[in-house]
Amino acid sequence: MSRLLAAITLLLSVALTILITIACSVPIILAGIVKLLLPVPPVWRAVSTFCNFMMYCWCEGLAALLHLNPYLKWDVEGLEGLNKKNWYLLICNHRSWADIVVLCVLFRKHIPMNKYFLKQELAWVPFIGLACWALDMPFMKRYSRSYLIRHPERRGKDVETTRRSCEKFRLHPTTMVNFVEGSRFTEEKRRQSRSPYKNLLPPKAAGIAMALNVLGNQFDKMLNVTLCYPENDETPFCDMLSGKLTRIVVRVNMLPVADELHGDYVNDKNFKRHFQLWLNTLWNDKDVLIENIKASNKNAGH
Numbered sequence: 001m002s003r004l005l006a007a008i009t010l011l012l013s014v015a016l017t018i019l020i021t022i023a024c025s026v027p028i029i030l031a032g033i034v035k036l037l038l039p040v041p042p043v044w045r046a047v048s049t050f051c052n053f054m055m056y057c058w059c060e061g062l063a064a065l066l067h068l069n070p071y072l073k074w075d076v077e078g079l080e081g082l083n084k085k086n087w088y089l090l091i092c093n094h095r096s097w098a099d100i101v102v103l104c105v106l107f108r109k110h111i112p113m114n115k116y117f118l119k120q121e122l123a124w125v126p127f128i129g130l131a132c133w134a135l136d137m138p139f140m141k142r143y144s145r146s147y148l149i150r151h152p153e154r155r156g157k158d159v160e161t162t163r164r165s166c167e168k169f170r171l172h173p174t175t176m177v178n179f180v181e182g183s184r185f186t187e188e189k190r191r192q193s194r195s196p197y198k199n200l201l202p203p204k205a206a207g208i209a210m211a212l213n214v215l216g217n218q219f220d221k222m223l224n225v226t227l228c229y230p231e232n233d234e235t236p237f238c239d240m241l242s243g244k245l246t247r248i249v250v251r252v253n254m255l256p257v258a259d260e261l262h263g264d265y266v267n268d269k270n271f272k273r274h275f276q277l278w279l280n281t282l283w284n285d286k287d288v289l290i291e292n293i294k295a296s297n298k299n300a301g302h
């Protein structure tokens, strides 16, 4: 693809993405105002249904934009057995902003609409906070260890805040998404964090442990998703917008939510060590899988 064509594609993709986002977000914000003014359960349920539909429309719009790229190939394994009537906890590595687009487009017809854990501070951002609240995105209030040492009376309050935020998910099937690394992967971040992995940052166990503690046995399955862009590893999101993204590899591994994964991550040191060991093992396997995908792509290229 020539640079001129890539530049034109980039401008067109950005413009269309903005238009699709505005077309879907404005109705969500207006529905959020209705939800705010009429705090009645039937109204809230109707608003949630409408907002989920608008988010589905946004995902369909993104899917249509991806179809405009004739060079893009999907390599996906593990979608068998997924059901929109189940509850899922989805954990994933985080390589790029493209990850959110991939997850929304790929899973839109297979599992309930994705919900992302957000910092509680985001709730007060104009328009964005209202839209996320209307979409029933759960807000998490996290206290650092040093803060809890100074204010022991706040211990457990973060779990209670998250639990209240997630109560609504007991009523209808939901997919909770957690980017376990907590940040997008870069080589600089990998070095700074002294990551033992070649393709991943060290996983942060507290968020996923809290999700499991809050919702208990509500989750039917855990989806361990691995994303890789073997031919566009440096700038996948920019390449996606420019029409230069050529291959998206997704591997979905469905895991049981075992009883030993439920516990008090903050106060139970034995459970914390067990949970971290389980997650680190999972992440090591994911790192090996990504390395194998890259090696296969390199060999295929030759």
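Residue numbering for the sequence shown follows the UniProt record's numbering, starting at 1 and increasing by one per position. Each residue gets a CB set at the ideal place from its N, CA and C atoms; glycine is no exception.
Query	Result
Please list the segments of the alpha helix (DSSP H) lying wholly inside the UniProt domain "Phospholipid/glycerol acyltransferase" (88-215), counting only runs of 4 or more residues, in order along the chain.	98-107, 128-134, 145-150, 157-166, 187-192, 205-215
Between which two residues does the beta strand (DSSP E) carrying residue 336 extend?	This structure gives no information on residue 336, because the portion of the chain shown stretches from 1 to 302.
For the region 33-53 against the region 216-223, do three or more pairs of beta-carbon atoms, one drawn from each stretch, fall closer than 8 Å, so that the two count as touching?	no
Among residues of its own chain, excluding the 5 on either side of Asp136, which ones have a beta-carbon nearer than 7 Å to its beta-carbon?	Ser48, Lys115, Lys168
Could you check the C-alpha separation between Val257 and Tyr56 for me, to the nearest Å?	27 Å
For Met254, which beta-bridge partners are listed by DSSP?	Leu223
What's the call for Arg3, buried or exposed, on a 16-neighbour Cβ count within 10 Å?	exposed
Do you know how far the Cα of His110 is from the Cα of Arg85?	Per the sequence shown, the amino acid found at residue 85 is Lys instead of Arg. Rounded to whole angstroms, Lys85 to His110 spans 9 Å at the Cα level.
What would DSSP say about Val14, mapped onto helix, strand or coil?	helix
Decide if Asp239 is buried, meaning its Cβ has at least 16 other Cβ atoms within 10 Å, or exposed.	buried
Are at least three pairs of beta-carbons, each pair with one atom in the region 187-195 and one in the region 123-132, less than 8 Å apart?	no
Is the beta carbon of Trp74 less than 8 Å from the beta carbon of Ile248?	yes
Which one or two residues does DSSP pair with Cys228 in a beta bridge?	Val249
Going by Cα to Cα distance, which pick from Ala31, Asn292, Ala123 is closest to Tyr229?	Asn292
With three or more beta-carbon pairs closer than 8 Å as the criterion, would you say the region 87-96 touches the region 24-32?	no
Is it buried or exposed for Tyr197, if we count other Cβ within 10 angstroms and need 16 for buried?	buried
For Asn297, I'd like the list of residues in its chain whose CB is within less than 6 Å of its CB, leaving aside the five on either flank, ordered along the chain.	Pro230
Are the C-beta atoms of Ala209 and some chain B residue less than 8 Å apart?	Of the chains in the structure shown, none is chain B; there is only one protein chain.
Can the beta-carbon of Leu223 be found closer than 8 Å to that of Val250?	no
Alpha carbons only, please: which of Asp285, Glu234, Leu277 is nearest the one belonging to Trp97?	Glu234
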